[in-house]
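Numbering (this note's numbering), first residue to last: 10 to 459.
Beta carbons are placed, not taken as given, at the ideal position from N, Cα and C, and that holds for glycine.
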Amino acid sequence: MKTTIAICGHQNTVENTSYRYTKHCVKVPCEDGVLLCHTLTGELVLVGRGEDSESTTQQLIKSWFLVPEDFDECKWADEVRHIAKLLRTRNSGKSHFTILTTTDCNARCFYCYEMGMRRYTMTAKTARDVGEYIARVCKGKKVTISWFGGEPLLNREPIEIISRALQERGIPFDAIITSNGYYLDTAVAEKAARDWHIISAQITIDGTEENYNRTKAYINCDEQSPYRRVLDNIGHALDAGMCVNVRLNMDRANADDLFAVVEELAERFGPRPELSVHVALLKKLVGDIHAFTSGEEALSYRNGIEDKLRELGYLRETEYHPGLSTNQCMADNDSCEVILPDGRIEKCEHLDEKEIVGDIYSDDRNKEIIENWKETVRFSNCADCALYPKCVSLKKCPWMQEGCSQLRQISQLKRIEQMIRNYYLENRDRMDGTKHDEVDIENATGGSRW
Ligand code: SF4
Ligand code: SF4
């Protein structure tokens, strides 16, 4: 946020000019007045009840909340984003590696986008080569590894080899994992936290016991109830010191059932700061899903579950920050690479073998594919959306092919409003009695992307 503010500078007041609120402002009423959040600069100000003094107006102009009537804030946001990207590129090396230890999986979810893709696994030799590659390109900087698949824990040897290679070379690293949780028993969870430096695991739950077991359809499984086993394993991961983020995949068929899942999680784990839960709407990519009849219906279910999660303290809304985003994800970020099981490199973790940009054995990269991934798209509702500075949508991203529905737009707005409210409640003393205060939300929340 400081970089964005430095790029924007302060706006000077121009005499005889009529000013209006920027479209890139989210307003949240609160007890003391109204909180204004600028989604380009990330600044948050509290305008006290009934406060409309000249000094407030001047302050709001200075910090770009008020802009001239004919100001083009989308063009302004694009220019600031361009400069921020140039600054970031200048400082970046390779620091984030998504590694697929295998494309195989022990589950057969009906909605899986990897359905029908070739199943292959990383060998010990390739894992050693990956370790050497990372050590060479990270240039001693801290590395984050994202273990992905398939089911990454189905092939644990590469995780062990690569983690050891980084450890032996004194390269600081931490890791996250996307897993179905089936193999995360006590021994694996302890090893994951201790030796593999896994700080966070995302585990998907698709419904209560019967629905979950039917949806996951685990193969080669002698477990009577994989659901029970995965819930046990969530406990093991938490006990080992990892954060666990439970992803509730939702479509119309399991929407009602997910309320019961939330209750069961609460009953079993109680409030635990390391446990968070979020709802993800299933999209039809390869497998069939049971679609909602309308966006409103989906939104109402999602809101209902999120309200419950909020009440239980499982929704991590403070992880979102409101300032400018310069990229969408790993695909348009030069510091990120996706390493396939045979050492080839892609930009997007959700595509298979179609967009190879190079491999770990050479520094040659297909620049055309890399640049193509950075191409962005705007939708008809973007021009008037308060979240414009916050949003980068990649033209090639499979999740962006249907545009931005009203449902998505509203739920993104709702998230940021809730985050602002949470921040205000936590920092009220600091803001209380101050007619006009500025708060650095990004630093307060660790600056993570939403
Ligand atoms: S481009 Fe889309 S699908 Fe690919 S990694 Fe980014 S968000 Fe995921
Ligand atoms: S993609 Fe959606 S949320 Fe983002 S700016 Fe456009 S309309 Fe708003």
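- The three-state secondary structure of M259, taken from DSSP, is strand.
- Sequence-distant partners of F268 (beyond 5 residues in either direction) whose C-beta falls short of 8 Å from its own C-beta, in its chain, are G313, I314 and K317.
- In this structure, the beta-carbon distance from F182 to V146 does not fall below 7 Å.
- In the three-state reduction of the DSSP assignment, A226 falls in the coil class, being assigned neither a helical nor a strand state.
- P407 has its Cβ nearer than 6 Å to a heavy atom of ligand 1.
- For E358, the closest C-alpha among the options A395, V56, L53 and P407 is that of P407.
- In this structure, V401 places its C-beta atom within 7 Å of the C-beta atom of N336.
- When secondary structure is reduced to three states using DSSP, Y236 falls in the helix class.
- Cα atoms of N229 and S172: separation of roughly 28 Å, rounded to the nearest angstrom.
- Relative to the Cα of N222, the nearest Cα in the group I348, I207 and N263 belongs to N263.
- Not one heavy atom of ligand 1 falls within 6 Å of the beta-carbon of M124.
- Of the candidates L49, V43 and T48, the residue whose Cα lies closest to the Cα of R430 is V43.
- Cβ neighbours of D368 within its own chain (closer than 7 Å, five residues either side excluded): G352, R353 and I354.
- A210 counts as buried, since at least 16 other C-beta atoms from the protein chains shown sit within 10 angstroms of its C-beta.
- One alpha carbon belongs to S389, the other to Q415, and they sit about 11 Å apart.
- Each of T12, G125 and A184 was checked against the Cα of I154, and the nearest Cα belongs to A184.
- When D438, P398 and S72 are compared, the shortest CA-CA separation from Q421 is found for P398.
- Of the residues assessed, A289 falls on the exposed side of the cut-off, its CB having fewer than 16 other CB atoms within 10 angstroms.
- In the three-state reduction of the DSSP assignment, F74 falls in the coil class.
- Relative to ligand 1, A340 has its C-beta within less than 6 Å of a heavy atom.
- Nearest to R178 by C-alpha distance, out of D204, K200, G190 and G149, is G149.
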